[in-house]
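To start, the structure itself, in structure tokens.
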Ligand code: PMV
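In this note's numbering, the protein residues as written are 20 to 333.
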């Protein structure tokens, strides 16, 4: 095998998935739609080693998710022990989708290192087996992920240059999240009285959001994305034990976005399994959003991004 390095950007879901229909094959219960972040990036290098070694952001770790993934891939392909070194230019495991860019870069690097000649669909398939949202990080731009039988269909709805939007990430905590998405999703499915209603609502929002992206209808996308975000966090709150990812800074950022909008600024928020708030805006309002969130209580740092492209060998 040869040494390979791949780079991928994280993506944030505008219509979110939370819950699987097949845990073993890692297939989400509902479709989802995401946007890729250009300025945030994960770089993953793979080389042959004496034993499997995983180094994340300079620290050697026994990452259970990656080790499980290697075991699954080895059931299908033979390859020697690997040294995997991965680093991101943003905080990992805190709701900024580091596992999405991580598994996207890892799958692409593995395909290259082993000269497997996987198609983009096959790379998406293996990335999804590691972290379902990772399949969306391979294409770039606006991407959909739809469950389809024993697999999923991943499609690019619009490329990064098709819509001039920007994203402001308000980092409100550098702590790692307490409950990971895999465990949290099982708990929600098993204990929330609202789980089925969440699935129905998401399927409807997805159809409308796809249309909103195709028509570049910002206001419609804004209201659907905020509804998807709030409903996912309502589901999390109704899980036993409750999944509470927000902190006080998260709420302050939501208030700030509502105020911005009242002042005529076109922007909307979305929040994943973590406390950070991502604000999507038309690029003409970028500095206004950056300035407002920068002076919002509880915001530790601001990251600015455009819409990112696909994962690549680098
Ligand atoms: O696929 P995972 O394990 O990275 O979970 C993704 C969960 C959310 O980010 C909250 C939603 C989504 O659709 O990306």
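By construction, the Cβ of each residue, glycine as well, lies at the ideal position given by its N, Cα and C atoms.
Since this is a predicted model, take the numbers as computed values, not measurements.
If you draw a straight line from the alpha carbon of residue 82 to that of residue 74, how long is it in whole angstroms?
The residue labelled residue 82 in the question sits at position 63 within the chain shown. The residue labelled residue 74 in the question sits at position 55 within the chain shown. The alpha-carbon atoms of residue 82 and residue 74 are separated by roughly 9 Å.
So is residue 47 buried or exposed if we call it buried at 16+ other beta carbons inside 10 Å?
Reading the chain shown from its first residue, position 28 is the one you call residue 47. By the neighbour-count rule (16 or more Cβ atoms within 10 Å), residue 47 is buried.
Taking residue 54 and residue 187 to be in contact with their CB atoms under 8 Å, please state how far apart those CB atoms are, rounded to whole angstroms.
Within the chain shown, numbered from 1, the residue matching residue 54 stands at position 35. Within the chain shown, numbered from 1, the residue matching residue 187 stands at position 168. Rounded, the Cβ-Cβ distance is 13 Å, inconsistent with contact.
How big is the Cα-Cα spacing for residue 105 and residue 196?
Mapped onto the chain shown, residue 105 falls at position 86. Mapped onto the chain shown, residue 196 falls at position 177. Cα to Cα, the separation comes out at about 19 Å.
Let's see if you can read the secondary structure: which residues bound the beta strand (DSSP E) around residue 288?
Position 269 of the chain shown, counted from the first residue, corresponds to residue 288. Start and end: 286 to 289.
I'd like the span of the beta strand (DSSP E) that includes residue 91, first residue to last.
Counting from one through the chain shown, the residue named residue 91 turns up at place 72. For residue 91, no beta strand (DSSP E) encloses it; the enclosing alpha helix (DSSP H) starts and ends at 83 to 93.
Bounding residues of the beta strand (DSSP E) (the contiguous stretch that carries residue 52)
Locating residue 52 in the chain shown gives position 33, counting from the first residue. Run containing residue 52: 51 to 55, per the beta strand (DSSP E) assignment.
Inside the stretch 166 to 227 only - beta strand (DSSP E) runs reaching at least 3 residues
The qualifying runs are 170 to 177 and 184 to 190.
Looking only at its own chain, which residues have a Cβ that is under 7 Å from the Cβ of residue 139, when we skip the five neighbours before and after it?
Counted from its first residue, the chain shown places residue 139 at position 120. Cβ neighbours of residue 139 within its own chain (closer than 7 Å, five residues either side excluded): 157.
Assigned secondary structure, residue 33 (DSSP; H/G/I helix, E/B strand, else coil):
Mapped onto the chain shown, residue 33 falls at position 14. In the three-state DSSP reduction, residue 33 falls in the strand class (E or B).
Going by C-alpha distance, which of 100, 159 and 95 is nearest residue 124?
Along the chain shown, one-based indexing puts residue 124 at 105. Residue 124 has its Cα closest to that of 159, out of 100, 159 and 95.
Per DSSP, what are the beta-bridge partners of residue 147 in this structure?
Residue mapping note: residue 147 aligns to position 128 of the chain shown, counting from 1. Beta-bridge pairing links residue 147 to no other residue.
Which residue from 170, 65 and 35 puts its Cα closest to that of residue 42?
For the purposes of this step, residue 42 is taken as the residue at position 23 of the chain shown. That would be 170, whose Cα lies nearest to the Cα of residue 42.
So does residue 35 have its beta carbon nearer than 7 Å to some heavy atom of the ligand PMV?
For the purposes of this step, residue 35 is taken as residue 16 along the chain shown, with counting starting at 1. Yes, the ligand PMV has a heavy atom inside 7 Å of this Cβ.
Quick one: Cα of residue 180 to Cα of residue 325, how far?
As a working mapping, residue 180 is identified with position 161 in the chain shown. As a working mapping, residue 325 is identified with position 306 in the chain shown. So the two alpha carbons sit approximately 10 Å from each other.
Alpha carbons only, please: which of 118, 300, 322 and 148 is nearest the one belonging to residue 241?
In the chain shown, counting from the first residue as 1, residue 241 sits at position 222. Taking only the C-alpha atoms, the option nearest residue 241 is 300.
Does DSSP put residue 232 in a helix, in a strand, or in coil?
On the chain shown, position 213 is the one that residue 232 refers to. Residue 232: helix per DSSP, three-state reduction.
Measuring CB atoms only, is the stretch 267 to 281 touching the stretch 301 to 320, in the sense that at least three cross pairs come out at less than 8 Å?
As far as the Cβ criterion goes, the stretch 267 to 281 touches the stretch 301 to 320, which means the pair count is three or higher.
According to DSSP, what are the bridge partners of residue 26?
For the purposes of this step, residue 26 is identified with residue 7 of the chain shown, where counting begins at 1. DSSP lists 62 and 331 as the bridge partner or partners of residue 26.
Let me check understanding here. Comparing Cα to Cα, which of 313, 281 and 264 lies closest to residue 198?
Taking the chain shown and counting its residues from 1, one reaches residue 198 at position 179. Considering only alpha carbons, the answer is 264.
Kindly list the residues whose CB is nearer than 6 Å to the CB of residue 131, restricted to its own chain and excluding five residues on each side of it in sequence; keep chain order.
By one-based count along the chain shown, residue 131 stands at place 112. 23 and 332, listed in sequence order.
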